[in-house]
Amino acid sequence: MDALWETLSALLLSLFSWIKYSFDYIQRCFGFKSDLTWVMQNLNRFTMWSRSHADKMRSMPDGSQRDRWKMDQEARTYRYHGNGPMFTIQTSTYIFYLAEELSSVELHETVLMYLSTNLLELPHLSRSLDLHLQQKILQIRSKGSPRLCCLRKENLISRNVRETESARRLFRLDEDDGKWSAVIDLPFSADKWCFTTAVLFNYLYLIGGFRQHMKRRYEFKMASFRYNPLTNKWVSTAPLIKHRRHFSAAVCEGHIYAVGGWYLDSLVTPDSSTGVYTAVERYDPWTDSWAFVSSLPLSDFQFTLSLSHDSPLTTSLGTSLYVLGNIRRTGEKLVLRYDTTQDCWSELLPTLTRIDADMPSLCFLGSTDRLIVIGGNNVETVVTSFCVETRKWGQIRSMEKTALIGQGTVFNEEVYMSGNQDMICRLNIHSLSLSTLPSLPVCTCYESFFHLFF
């Protein structure tokens, strides 16, 4: 191996010496000296750098990573098809030594762009970068304007085959014509499924399961998938440890948390007496693995069945998760907080009493700079908020009764959710003005809404 390295080094030095001689000849014959000065300077730098750093690069302390990189052809090559010819560069972290020595911003940015596009596909490369470079490739993944997307998160009612096939797709709202278009099919083939979605590092995670036919019966298969909008590809990821459905998922501090839910194999519609899982799972995207953390504290506590079919309603803010539920004896609304840094749960008082807000049903729990709660009763829809810092409930406001179902999202102070009669609603949480977006090309039935950068 040493002999091979020395041979390659000698060949590279010979090649660049020949290029330098050629450029020098062109300068003398055609008078392009000023135009070729930058090229000559960088060729000189590279020649000097190759001689002085060859041994250094061969003897990097992280031997295991170096060997893995050398053997993984897909991990260390980047093919670019532009207007010019195709070229290949090595995308090891060593490329940054070369970029710095040559002061090549283009080379540096090209490698960062590639690592950003394939952040979790090449975790061993992404995680080996300096912290500021890791932060930069995360920022690159979220460049541009986010696009509103949706998919059918739940399909547990038998429908005709054609309608089911059409609904098993990821849709995106186009900015130009304001219409929904299908981006890609969902990564499974089934007539019934139940998933919860989460967006982490601009990857869409589809977590749950679907029904598959066995020898003499049907059973639900646990499954999880990850979608990369920058490459338009799905890959399978590790499924949950617990067989659960109708659970909530929240992203916090670079992890996904799965909270609550019911046993996945049961197709019986849950009611107020149905107990939810107390076990909470945390997903690590770098190792593609789930692990248990502190369980939900459910002594004198129950969860209201939400119109999102996710129980309990869960969101994140800062370094904590927040769960909304009821005190069993009084019906008061109580917020639970899970501190991800301490792995512990606590109650946030005061509660929201039934006198304060008549809100037996819940539709949505999200966060901006505070928690946003949407619920209602048989007469009206109720909107309020909770400040986790001051521990105070906001103004209780009412609006015309509106059916909001599915898994919603909040963006720029507006909540997006599906409604009845194939409506897609946009609710401004300040003015409570309600507007509708164009309908999907399929019937709505417990859609999940989220934003992605393409």
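Everything in the sequence shown is counted per the working numbering, starting at -9 for the first residue and increasing by one. We put the CB at the ideal spot given by N, CA and C, even for glycine.
For this session: Could you check if ALA281 is buried or exposed, using at least 16 other CB atoms within 10 Å of its CB as the buried criterion?
Result: Translated into the one-based positions of the sequence shown, residue 281 becomes position 291. Exposed, because fewer than 16 other Cβ atoms sit within 10 Å of the Cβ of ALA281.
Exercise. If PHE440 sits next to LEU194, beta carbons under 8 Å apart, how far is it from one beta carbon to the other, in whole angstroms?
Worked result: Position 450 of the sequence shown, counting from 1, holds the residue named residue 440. Position 204 of the sequence shown, counting from 1, holds the residue named residue 194. Their Cβ separation, rounded to whole angstroms, is 7 Å, which keeps PHE440 and LEU194 in contact under 8 Å.
Exercise. Under a three-way DSSP split, which group does GLN125 fall into?
Worked result: The residue given as residue 125 occupies position 135 in the sequence shown. Looking at GLN125 - three-state DSSP - the assignment turns out to be helix.
For this session: Can you tell me which of ASP300, GLU437 and LEU361 puts its alpha carbon nearest to the alpha carbon of GLU403?
Result: Taking the first residue of the sequence shown as position 1, residue 403 is located at position 413. Nearest C-alpha to GLU403: LEU361.
For this session: Enumerate in chain order the residues of its own chain whose CB-to-CB distance from LEU430 is below 8 Å, with the five nearest sequence positions on each side excluded.
Result: For the purposes of this step, residue 430 is taken as the residue at position 440 of the sequence shown. If we look at LEU430 and ignore the five residues flanking it on each side, its Cβ neighbours are CYS140, PHE161, TRP170, ASP412, ILE414 and GLU437.
For this session: Check the C-beta distance from SER238 over to LEU303 and give it rounded, since I have them as a contact under 8 Å.
Result: Here residue 238 is taken as the residue at index 248 of the sequence shown, counted from 1. Here residue 303 is taken as the residue at index 313 of the sequence shown, counted from 1. The Cβ separation is near 6 Å, so the contact holds.
For this session: Going by CA-CA distance only, name the one from ILE345, THR186 and SER226 that's closest to ARG234.
Result: Taking the sequence shown and counting its residues from 1, the one referred to as residue 234 is at position 244. If we check each option's Cα against that of ARG234, THR186 comes out closest.
Exercise. How long is the line joining the alpha carbons of GLU144 and GLU96, rounded to whole angstroms?
Worked result: Position 154 of the sequence shown, counted from the first residue, corresponds to residue 144. Position 106 of the sequence shown, counted from the first residue, corresponds to residue 96. Taking the straight line joining both Cα atoms gives about 45 Å.
For this session: Taking all protein chains shown into account, decide if ILE130 is buried (16 or more other Cβ within 10 angstroms of its Cβ) or exposed.
Result: Position 140 of the sequence shown, counted from the first residue, corresponds to residue 130. Looking at its Cβ environment, which holds 16 or more other Cβ atoms inside 10 Å, ILE130 is buried.
For this session: Could you tell me whether the region 105 to 122 touches the region 207 to 221, where touching means 3 or more Cβ pairs closer than 8 Å?
Result: yes
For this session: Look up SER116 in the DSSP assignment and say whether it is helix, strand or coil.
Result: For the purposes of this step, residue 116 is taken as the residue at position 126 of the sequence shown. Helix.
For this session: Measure the alpha-carbon distance for LEU307 versus PHE401 and round it to whole angstroms.
Result: By 1-based counting over the sequence shown, the position of residue 307 is 317. By 1-based counting over the sequence shown, the position of residue 401 is 411. If I take the Cα positions, the gap works out to 14 Å.
Exercise. Do the region 333 to 353 and the region 379 to 386 make contact, defined as three or more Cβ pairs closer than 8 Å?
Worked result: yes
Exercise. Excluding sequence positions up to five away, which residues of its chain have a Cβ less than 8 Å from the Cβ of GLU165?
Worked result: In the sequence shown, the residue the question calls residue 165 occupies position 175. Counting only Cβ-Cβ distances below 8 Å, and skipping sequence neighbours, we find SER135 and ARG137.
For this session: Keeping to the same chain, check which residues put their C-beta closer than 6 Å to that of PHE443; ignore five residues upstream and five downstream.
Result: Taking the sequence shown and counting its residues from 1, the one referred to as residue 443 is at position 453. Closer than 6 Å at Cβ, skipping near neighbours: SER132, GLY134, PRO136 and ASN192.
For this session: Taking LEU97 as part of the alpha helix (DSSP H), name the residues at either end of that continuous run.
Result: Translated into positions along the sequence shown, residue 97 becomes position 107. Run containing LEU97: 95 to 107, per the alpha helix (DSSP H) assignment.
Exercise. For THR309 versus ASP329, is the C-beta spacing smaller than 8 Å?
Worked result: On the sequence shown, residue 309 is found 319 positions in, with the first residue counted as 1. On the sequence shown, residue 329 is found 339 positions in, with the first residue counted as 1. For THR309 and ASP329, yes; Cβs fall inside 8 Å.
Problem set entry | CB contact check: LEU163 to chain C, cutoff 8 Å | The displayed structure is made up of one protein chain only, and chain C is not part of it.
Problem set entry | For HIS441: DSSP bridge partner residues | Counting from one through the sequence shown, the residue named residue 441 turns up at place 451. Beta-bridge pairing links HIS441 to LEU138.
For this session: Assign LEU314 to buried or exposed, taking buried as 16 or more other Cβ atoms, counted over all protein chains shown, within 10 Å of its Cβ.
Result: Stepping through the sequence shown from its first residue, residue 314 is reached at position 324. Per the 10 Å Cβ criterion, buried.
Exercise. Whose C-beta lies closer than 7 Å to the C-beta of GLU111 among residues of the same chain, with five residues either side of it excluded?
Worked result: Here residue 111 refers to the residue found at position 121 when the sequence shown is read from its first residue. Once the five neighbours on either side are set aside, GLU111 has no close Cβ partner at all.
Problem set entry | Close Cβ partners of ASP364 (< 6 Å) along its chain, the five nearest in sequence each way excluded | Position 374 of the sequence shown holds residue 364. Note that residue 364 is Ile in the sequence shown here, rather than Asp. If we look at ILE364 and ignore the five residues flanking it on each side, its Cβ neighbours are CYS353, PHE354 and VAL373.
Exercise. Which residues does DSSP pair with TRP170 in a beta bridge?
Worked result: Taking the first residue of the sequence shown as 1, we reach residue 170 at position 180. Answer by DSSP bridge pairing, in chain order: LEU163.
Exercise. From GLN292 to VAL225, what distance separates their C-alpha atoms?
Worked result: Here residue 292 corresponds to residue number 302 of the sequence shown, with the count starting at 1. Here residue 225 corresponds to residue number 235 of the sequence shown, with the count starting at 1. In a straight line, the C-alpha of GLN292 is about 36 Å away from that of VAL225.
Exercise. In this structure, does DSSP put ARG272 in helix, strand or coil?
Worked result: Working through the sequence shown from its first residue, we reach residue 272 at position 282. The answer is strand: DSSP assigns ARG272 an E or B state.
Problem set entry | Secondary structure of SER132, DSSP reduced to three states | Numbered from 1 along the sequence shown, position 142 holds the residue referred to as residue 132. In the structure shown, SER132 sits in coil (DSSP, three-state: anything other than H, G, I, E or B).
For this session: Return the CA-CA distance between VAL432 and ILE174, expressed in angstroms with no decimal places.
Result: Counting from 1 along the sequence shown, the entry for residue 432 is found at position 442. Counting from 1 along the sequence shown, the entry for residue 174 is found at position 184. Taking the straight line from one Cα to the other gives about 15 Å.
Exercise. Taking C-beta to C-beta, are ASP278 and ALA228 nearer than 8 Å?
Worked result: Along the sequence shown, read from residue 1 onward, the residue named residue 278 stands at position 288. Along the sequence shown, read from residue 1 onward, the residue named residue 228 stands at position 238. The answer is yes: Cβ separation under 8 Å.
Exercise. Going by Cα to Cα distance, which pick from GLY244, TYR267, ARG216 and ARG206 is closest to ILE231?
Worked result: For this step, residue 231 is matched to residue 241 along the sequence shown. Comparing Cα-Cα distances from ILE231 to each of GLY244, TYR267, ARG216 and ARG206, the minimum goes to TYR267.
Problem set entry | Nearest-angstrom Cβ-Cβ length linking LEU254 and MET212, presumed shorter than 8 Å | Against the sequence shown, residue 254 aligns to sequence position 264. Against the sequence shown, residue 212 aligns to sequence position 222. That pair is a contact at about 7 Å.
For this session: Run the CB neighbour count on GLY265, radius 10 Å, all protein chains shown included, and call it buried at 16 or more, exposed below.
Result: What you label residue 265 is simply residue 275 of the sequence shown in a count that begins at 1. Its Cβ having fewer than 16 others within 10 Å, GLY265 is exposed.
Exercise. Opposite THR187 in the DSSP bridges: which residues?
Worked result: Mapped onto the sequence shown, residue 187 falls at position 197. LEU196, per the DSSP bridge assignment.
Problem set entry | Range covered by the alpha helix (DSSP H) that runs through THR154 | As a working note, residue 154 is residue 164 in the sequence shown. Where THR154 is concerned, the enclosing alpha helix (DSSP H) stretches over 151 to 157.
For this session: Indicate the three-state DSSP secondary structure (helix, strand or coil) for PRO51 in the structure shown.
Result: Residue numbering aside, residue 51 sits at position 61 when the sequence shown is read from its first letter. The predicted position of PRO51 is uncertain, since its pLDDT is 44 and thus under 50; a value taken from the coordinates is nonetheless stated next. PRO51: coil per DSSP, three-state reduction.
Exercise. Expressed to the nearest angstrom, what Euclidean distance is found between the alpha-carbon atoms of PHE215 and GLN124?
Worked result: As a working note, residue 215 is residue 225 in the sequence shown. As a working note, residue 124 is residue 134 in the sequence shown. Taking the straight line joining both Cα atoms gives about 24 Å.
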